[in-house]
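Asks:
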Amino acid sequence: MVIRFYSFLAVILNILIYFVFGSLITGRLQKRRFSATLSVITGFFLYYVLFELICIPMTLSFRPLHFLSSIWAGVLVLAFIISAAVNHKKWRVLLRESLGFIKAHPFFSLFLLILTATEIIIIVGCYQFTLDASFYVGTANTSLVTDSMNIYNPYTGMWQDHFEMRYFFANYAINDAVMCYLTGFHPLVWTKTVMETVVIILVNMVIYRIGMALFKGEPGKTGVFMFFAIYISFFFSTIYTAQEFFITRTYEGKTLIGSLVIPLIFLVYIKLLEDPGYPFYWGLLLLMSVGSLVLSNSASMIFPAALGIFMLTLFFIKKDFRILIKTALVVLPCVLSILSYVLYVKGYYVIHTMPG
Amino acid sequence: MQSISVAGDGLNFLFKCIALYNGSSFYLVLYLLGLSIIALKGSRELKRVFLYPGIVILLTVYNPLLPLLINRIFDVNKEYYRFMWIPPVCILPAFAAAFYVMKEGKSRGFKLIGFAGFLLLFAGIGSFVYGSGYVPAENVYKIPNEVIAVSKMIRENTDMKYPVAVMDRDMQMEIRQYDASILLACDRTQYLDFLGDVDEDQLTKEKNEYVNRLLTVIARYEKIDKDSFREALNKTNTQFVVVEKVSPMLKYLGDAGLEAVGTTGSRVIFKFELDDPQYLDLADYSGVW
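One line per chain: the protein sequences are R and U, in this order.
One rule links them: number in the working numbering = place in the first sequence (from 1) + 715.
One rule links them: number in the working numbering = place in the second sequence (from 1) + 130.
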């Protein structure tokens, strides 16, 4: 019971961290209402992009996990201080507005709360056996036990003489290890309860925003839409569907590609239909491009494909070549990631885990 | 998607992929039906949001030529299905249902009947994710209690900081999620390839020789020469063997000189006295940083 309570606090902490990170960007937007959900979603990707920028050099210089954890703790504190300093007025307004929204739509707010809580209880309460967990949770636990990053084989625990480039950029599980180090959670509790709950909340935020976009901000219709969208996800189930991944493999990085990143690309597409030149959404897509690579190496192919499809459609509708140029720039990190992996597989380079 | 391949199935690959992806559910059909209705009756805005991207998706992801083209550059045999995550197959039916149920000017009765109707429809055309049963997690770690028990039993019976073990498939996949200081003699790919009878090239065969001997006994239940089995345990520094109680190899393991040091609900934990135990430790990076 105590662990469950701490897990609940850790979920709140995660969402708060993403909000703080996201506010650094969304708080600077002019002419747009400061949005809590958009801040959290943006913050999630900014968080992982920044983590990657710190994690990769640390990995390449063979630093221990505790060192990365200390640096990351400093980044979190610094982000909170800076964000609070520049956004505190907006946060206060947002809090007032949010309370006002809840007062104005108490049934809708309660409905969303019950809907999400029920979904969390069902999914998180279930035993989930997947072979890939031995990689995702294994990586977090191995990193924690060996105080290292990507040096030991997560499946066996044996030392590897070189980094496996397939997973080199996908440091989602390393972040899990860092957070376990900082909070004292066991990686199984962190991945399969805390992050699983966080992911469900994030995915619901995206579905909520899609609903609000499709129904022009009408809470009632959005609520019913969300209910059906969540309900359907329990029934579109084969071992391959994104919905099955979301429900039975929620803690895996690639689940986030299917359940969070692709729906978010769809949402951004809807927003860009209104204003294809709006810089914020292109910036968000760039963050998503890099951030997705941190979540799963599968993103290197799926993200460009998904974005390409929606942006090609946008191009046909708007007939603006800048859309294609921006899309090409946004997917560049994914292309570079593919290239680096292909070169590694072809034997052009190898990065050893011990210098000399 | 192990059972299909672009090289073997050619243009049929996509259709087989679609069939496997959708299983017995008809959400893709519903999505296509939704696109057709929007094409005929939808507003300009709905066409932009759903129809036009849908057409691009049909021309790309659902184009039988695409897997053939991509596969020339990347191996997409196992993972092409992930491109099928792109179309908003669940968003469109949910939108349509909410749109009709919440249509203005309709009575509460109409809305309730519509709501119930859509619930039945969506359940009827799909397959429930917990259709084969909902198994509640046994503990906060969300792994079977038995994994924790096996881990503790290994710890109690060794003075090694990082003991090496080999286990039945399910235990092998979960043990290091709970206790990463227990090392495993073979990795997931080796294990699954062995079970799946995947052909190994000569170099891999030589590399995996000792591990394959262990798996022949543990996973394939085949008796090999006991000295050869013991050699494999020694060469891989494997101190513990965990098998299911129902395994037909229990007597063999005992005869091979392993001692049963404990049992859990459905497992037996055997210990092997290594001829020359290697006390593994972490690589020393202190000189690097």
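Virtual Cβ for every residue (Gly too), placed ideally from N, Cα, C.
At which residues does the beta strand (DSSP E) containing V294(U) begin and terminate?
Replies: Residues V294 to M297.
Asks: Using CA coordinates, which residue listed in E276(U), V280(U), I216(U) and M303(U) is at the minimum distance from T871(R)?
Replies: The shortest C-alpha separation from T871(R) is found at M303(U).
Asks: Give the single residue among L775(R), L744(R), N802(R) and M880(R) whose Cα lies nearest to the Cα of I1062(R).
Replies: In the sequence under discussion, the amino acid at residue 1062(R) is Gly, which differs from the Ile named in the question. Nearest C-alpha to G1062(R): M880(R).
Asks: Under 9 Å, do Q307(U) and G853(R) count as touching if we go by C-beta distance?
Replies: Contact flag set, yes.
Asks: Does G256(U) have its Cβ less than 9 Å from a Cβ in chain R?
Replies: Judged by the 9 Å Cβ criterion, G256(U) is in contact with chain R.
Asks: Check the Cβ-Cβ distances between S155(U) and every residue of chain R, and say whether any is below 9 Å.
Replies: Interface residue, yes.
Asks: Interface residues of chain U around G872(R) at Cβ under 8 Å?
Replies: Ordered by position in chain U, the residues that pass the 8 Å Cβ test against G872(R) are Y292, R306, A310, S311, I312, L313 and L314.
Asks: Output, in chain order, the set of chain U residues within a Cβ distance shorter than 8 Å of V939(R).
Replies: Per Cβ cutoff of 8 Å: A227, A228, V231, M232 and F245.
Asks: Quick check on DSSP: helix, strand or coil for I399(U)?
Replies: Residue state, collapsed to three classes: strand.
Asks: Just the C-alpha distance for V231(U) and V792(R), rounded to the nearest angstrom, thanks.
Replies: If I take the Cα positions, the gap works out to 47 Å.
Asks: Establish whether the CB of Q302(U) and some CB of chain R are separated by less than 9 Å.
Replies: So, interface residue.
Asks: Could you have a look at V376(U) and say whether DSSP puts it in helix, strand or coil?
Replies: Here V376(U) sits in coil by DSSP.
Asks: For a contact meaning CB atoms closer than 7 Å, what does E317(U) contact in chain R?
Replies: One detail in the question is off: residue 317(U) reads as Asp in this sequence, not Glu. Correct list: N868, Y870 and T871.
Asks: Run through the stretch 260-297 of chain U for me and flag every whole alpha helix (DSSP H) of 4 or more residues, listed as ranges in chain order.
Replies: As far as the stretch 260-297 of chain U is concerned, its whole alpha helix (DSSP H) runs of at least 4 residues are 275-286.
Asks: Of the choices L345(U), E361(U) and G247(U), whose alpha-carbon is the least far from that of S377(U)?
Replies: For the residues L345(U), E361(U) and G247(U), the minimum Cα distance to S377(U) belongs to L345(U).
Asks: Can you tell me where the alpha helix (DSSP H) holding T394(U) begins and where it ends?
Replies: Segment: none, T394(U) is in no alpha helix (DSSP H) and carries neither H nor E.
Asks: Suppose you measure from the CA of V425(U) to the CA of Q369(U); what does that come to, to the nearest Å?
Replies: Nothing about residue 425(U) can be read from this structure; chain U reaches only from 131 to 419.
Asks: Is E959(R) buried or exposed, if buried means 16 or more other CB atoms sit within 10 Å of its CB?
Replies: Buried, because 16 or more other Cβ atoms sit within 10 Å of the Cβ of E959(R).
Asks: Can you name the residues of chain R whose CB is closer than 9 Å to the CB of L249(U)?
Replies: Under the 9 Å cutoff, chain R gives F943 and Y946.
Asks: Cutting at 8 Å between CB atoms, please list the residues of its own chain near I134(U), excluding the five before and the five after it.
Replies: So the list reads F143, K146, C147, L150 and N207, once near-sequence residues are dropped.
Asks: State the Cα-Cα distance for the pair I829(R) and F844(R), rounded to the nearest angstrom.
Replies: Each residue's Cα considered, the two are about 27 Å apart.
Asks: Closer than 8 Å between beta carbons: that is the criterion. Which residues of the stretch 261-282 of chain U meet it against chain R?
Replies: Answer set for the stretch 261-282 of chain U: G261, Y264, V265, P266, A267, E268, V270, Y271, K272, I273 and P274.
Asks: Secondary structure at Q332(U), three-state DSSP: helix, strand or coil?
Replies: Helix at Q332(U).
Asks: Would you mind working out which of G392(U), F402(U) and T334(U) sits nearest E361(U), comparing C-alpha positions?
Replies: Closest by alpha carbon: F402(U).
Asks: Enumerated in chain order, which unbroken segments of the alpha helix (DSSP H) with a length of 4 residues or greater are wholly contained in the stretch 949-983 of chain R?
Replies: Here the runs fully enclosed are 957-963 and 968-971.
Asks: Mind pulling the chain R residues with CB within less than 9 Å of T190(U)?
Replies: Within chain R, the residues near T190(U) are A1020, G1023, I1024 and L1027.
Asks: What does W874(R) pair with, by DSSP beta-bridge criteria?
Replies: DSSP output for W874(R) lists Y867(R) as bridge partner(s).
Asks: Should D317(U) be labelled buried (16 or more other beta-carbon atoms within 10 Å of its own) or exposed?
Replies: Buried, by the Cβ-count rule.
Asks: Based on the DSSP secondary-structure assignment, which residues constitute the bridge partners of T368(U)?
Replies: The partner list for T368(U) (beta bridge, DSSP) reads V294(U).
Asks: Between which two residues does the alpha helix (DSSP H) containing S209(U) stretch?
Replies: Correcting the residue identity first, residue 209(U) is Glu in this sequence and not Ser. Premise fails: E209(U) is in no alpha helix (DSSP H) and is neither H nor E.
Asks: On a CA-only basis, which of T937(R), R778(R), I1024(R) and R719(R) is nearest G417(U)? Give me that one, please.
Replies: Considering only alpha carbons, the answer is R778(R).
Asks: Here's a check: name, in chain order, each residue in its chain whose Cβ is nearer than 6 Å to the Cβ of E389(U), leaving out the five neighbours to either side.
Replies: Excluding sequence neighbours, E389(U) sits near K401.
Asks: L783(R) bridges to which residues according to DSSP?
Replies: None; L783(R) has no bridge partner.
Asks: Please tell me whether S863(R) has its Cβ less than 9 Å away from any Cβ of chain U.
Replies: Yes, S863(R) counts as interfacial toward chain U.
Asks: Which residues in chain B have a C-beta closer than 8 Å to the C-beta of I216(U)? List them in chain order.
Replies: Chain labels in this structure do not include chain B; the protein chains are R and U.
Asks: When you check each C-beta in the stretch 371-384 of chain U against every C-beta of chain R, which residues fall closer than 9 Å?
Replies: Result list empty, no residue passes.
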